[in-house]
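Worksheet: the structure to be examined is printed underneath.
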Amino acid sequence: MVVVGVISTLSRLDFETSKRHEFIIKVMDDGTDIYSDFAKVLIHVTDTNDHAPQFVSSVYAARVHEMAVVGSRVIQVQATDADKGNNSQIQYSIQSGMLTTECRHWLNEHAI
Ligand SMILES: [Ca+2]
Ligand SMILES: [Ca+2]
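When the letters of the sequence shown are read in order and numbered with the working numbering, they come out as residues 3 to 114.
So this is what it looks like as structure tokens:
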């Protein structure tokens, strides 16, 4: 006789808090001499894109000499994303402000 047992979630899972859950389950019969068995259960939580990338600093400032050669590094920005894999891939772009062709070129070449 096959009797199915189901394990279900009681609360929301969070990949960033706990990627893996491990526990022991037990099965036993109702006979007069009770027999039982144990098994280990491993649950791997998969990631979803539930975190937005965030800059390490909200403001970046730099100074560059007007005679700097083309291609000179002006500033490096940094952002993080708490997700994993493709959900944490970051692309940078300039959205607004006083931009020159040189600045756009620099950002594109140094996109992480
Ligand atoms: Ca993300
Ligand atoms: Ca996530």
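Cβ atoms here follow ideal geometry from the backbone N, Cα and C, with glycine treated the same way. Please read all numbers here as calculations on a predicted model, not as lab measurements.
Check: CB of Thr50 to nearest heavy atom of ligand 2: below 6 Å?
Finding: Taking the first residue of the sequence shown as position 1, residue 50 is located at position 48. Yes, ligand 2 has a heavy atom inside 6 Å of this Cβ.
Next item on the list: Answer yes or no: the CB of Gly32 versus the heavy atoms of ligand 2, is any distance below 6 Å?
Entry: Counted from its first residue, the sequence shown places residue 32 at position 30. According to the sequence shown, residue 32 is Asp rather than Gly. Checking every heavy atom of ligand 2 against the Cβ of Asp32, none is found closer than 6 Å.
Margin query: Under 6 Å: does the beta carbon of Asp83 sit that close to some heavy atom of ligand 2?
Written below: Taking the first residue of the sequence shown as 1, we reach residue 83 at position 81. Every heavy atom of ligand 2 is 6 Å or more from the Cβ of Asp83, so no.
Note to self: Is the beta carbon of Val61 closer than 7 Å to that of Val76?
What the structure shows: Within the sequence shown, numbered from 1, the residue matching residue 76 stands at position 74. Within the sequence shown, numbered from 1, the residue matching residue 61 stands at position 59. No; because the gap between Cβ atoms is not below 7 Å, this pair is not in contact.
Next item on the list: With DSSP as the reference, please indicate the residues paired to Asp39 in a beta bridge.
Entry: Residue mapping note: residue 39 aligns to position 37 of the sequence shown, counting from 1. The partner list for Asp39 (beta bridge, DSSP) reads Val29.
Check: Is it true that the CB of Asp83 sits closer than 7 Å to the CB of Ser90?
Finding: Numbered from 1 along the sequence shown, position 88 holds the residue referred to as residue 90. Numbered from 1 along the sequence shown, position 81 holds the residue referred to as residue 83. Yes, the pair counts as a contact, with Cβ atoms nearer than the cut-off.
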